[in-house]
Amino acid sequence: QQTEMERYGALADRNLRLAMKVESTRGISTATVQMIGAIGLSALLFVAGAQALAGRLTAGDFVVLMTSMLTIIPGLKQLTNV
Numbered sequence: 001q002q003t004e005m006e007r008y009g010a011l012a013d014r015n016l017r018l019a020m021k022v023e024s025t026r027g028i029s030t031a032t033v034q035m036i037g038a039i040g041l042s043a044l045l046f047v048a049g050a051q052a053l054a055g056r057l058t059a060g061d062f063v064v065l066m067t068s069m070l071t072i073i074p075g076l077k078q079l080t081n082v
């Protein structure tokens, strides 16, 4: 009986450590992917703004770009839920 309890305790501890590793990795990957996505979208917005100020991008084109960026965001969030 005591041997089984010790074995179960060791397995439960190992399982807890592995679960904690998985959750910490998931948290880091979620933050990393969202940060990369935010940087990419910010860069795209910066370039589009510069193009609009230079007159090479119309207001309609800018609105289309912004709408496209908004549709990309849920896809980026879904990447982290794999």
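The UniProt record's numbering numbers the first residue of the sequence shown as 1 and each following residue consecutively. Just so it is clear, CB atoms sit at the ideal spot from N, CA and C, and this is done for glycine as well.
| Query | Result |
| --- | --- |
| Please work out which residues of its chain come closer than 6 Å, Cβ to Cβ, to Asn81, disregarding the five sequence neighbours upstream and downstream, and give them in chain order. | none |
| Could you pull the start and end residues of the alpha helix (DSSP H) that Gln2 belongs to? | Gln2 to Leu53 |
| With DSSP as the reference, label Leu70 as helix, strand or coil. | helix |
| Let me know the secondary structure DSSP gives Leu57 once reduced to three states. | coil |
| With C-beta atoms as the reference, is Leu76 less than 8 Å away from Val47? | no |
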